[in-house]
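Residue numbers (UniProt numbering): 1 to 158.
Where is the CB? At the ideal position from N, CA and C, for every residue including glycine.
To start, the structure under review is shown below, and the notes come after it.
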């Protein structure tokens with residue numbers, strides 16, 4: 001007597017299980033390969049950025065050595081290089097004006113080393129000029145958005 005449900009043979013089930021396992025493994029390795037390739041691309045980008053920083057630092061070091069060779073007076077009495085710290089805050093300027101000012105910072109005959117360059121908000125105190133006593137007691141704060149540049153100039157004077 002034949003059962004109402006025809007069950008597949010054990011070999012067929014076993015083959016299907018092997019195929020499902022093979023498919024899931026191949027899918028896993030495919031996704032893993034994509035993830036690894038994305039991570040490799042990100043690593044290459046980071047390496048290129050670091051290589052650019054190293055190249056820029058080497059160029060600055062060459063500038064320092066050239067400055068030391070041509071101007072021995074930049075060393076102080078103890079033989080150390082003197083640096084002059086500068087802080088610039090440029091508010092409400094156009095992009096063209098920003099480029100012009102940055103060019104002016106680097107175009108001087110002194111070597112400039114950049115520490116930070118950020119976009120910041122500074123709070124400026126402004127007294128209210130209304131005639132009422134209550135409004136005169138309160139201070140208004142006005143936000144100014146601008147570019148803040150910090151760095152050092154190689155000092156060429158004693």
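My guess is that residue 54 and residue 91 are in contact by the Cβ rule of under 8 Å, so how many angstroms apart are they, rounded?
To locate residue 54, count along the chain shown from 1; it is residue 54. To locate residue 91, count along the chain shown from 1; it is residue 91. Not quite, the Cβ-Cβ distance comes to about 34 Å (not below 8 Å), so this is no contact.
Exposed or buried, what is residue 149 when buried is set at 16 or more other beta-carbons lying within 10 Å of its beta-carbon?
On the chain shown, residue 149 is found 149 positions in, with the first residue counted as 1. With 16 or more other Cβ atoms within 10 Å, it is buried.
Cutting at 6 Å between CB atoms, please list the residues of its own chain near residue 46, excluding the five before and the five after it.
Here residue 46 refers to the residue found at position 46 when the chain shown is read from its first residue. Answer for residue 46: no residue qualifies.
With a CB to CB cut of under 8 Å and the five nearest residues on each side skipped, what residues in its chain are close to residue 87?
Within the chain shown, the letter at position 87 stands for residue 87. Excluding sequence neighbours, residue 87 sits near 148, 149 and 150.
Quick one: what's got a C-beta closer than 6 Å to residue 152's C-beta in the same chain, skipping five residues either side?
In the chain shown, residue 152 corresponds to position 152, counting from 1. For residue 152, where only same-chain residues beyond five positions count, the Cβ hits under 6 Å are 83, 85 and 113.
Is residue 43 closer than 8 Å to residue 110 when the C-beta atoms are compared?
To locate residue 110, count along the chain shown from 1; it is residue 110. To locate residue 43, count along the chain shown from 1; it is residue 43. Between residue 110 and residue 43, the gap from beta carbon to beta carbon reaches 8 Å or more.
With a threshold of 7 Å on Cβ separation, who are the neighbours of residue 98 within its own chain once the five nearest residues in sequence on each side are excluded?
By one-based count along the chain shown, residue 98 stands at place 98. Contacts found: 90 and 147.
Please list the terminal residues of the continuous alpha helix (DSSP H) segment that includes residue 34.
Numbered from its first residue, the chain shown carries residue 34 at position 34. Note, residue 34: alpha helix (DSSP H), 10 to 70.
What is the rounded straight-line gap between the Cα of residue 100 and the Cα of residue 119?
On the chain shown, position 100 is the one that residue 100 refers to. On the chain shown, position 119 is the one that residue 119 refers to. If you take the alpha carbons of residue 100 and residue 119, they lie about 17 Å apart.
If we ignore side chains and look at the alpha-carbon of each, how far apart do residue 48 and residue 58 end up?
Translated into positions along the chain shown, residue 48 becomes position 48. Translated into positions along the chain shown, residue 58 becomes position 58. Approximately 15 Å between the Cα atoms of the pair.
In three-state DSSP terms, what is residue 87?
Taking the chain shown and counting its residues from 1, the one referred to as residue 87 is at position 87. Reduced to three states, the DSSP call for residue 87 is strand.
Note down, in chain order, each residue of its chain lying with its Cβ closer than 7 Å to the Cβ of residue 63, except the 5 sequence neighbours on either side.
Taking the first residue of the chain shown as position 1, residue 63 is located at position 63. Here the set comprises 111.
With residue 103 as the anchor, note down where its alpha helix (DSSP H) starts and where it stops.
What you label residue 103 is simply residue 103 of the chain shown in a count that begins at 1. From DSSP, the alpha helix (DSSP H) with residue 103 extends over 95 to 107.
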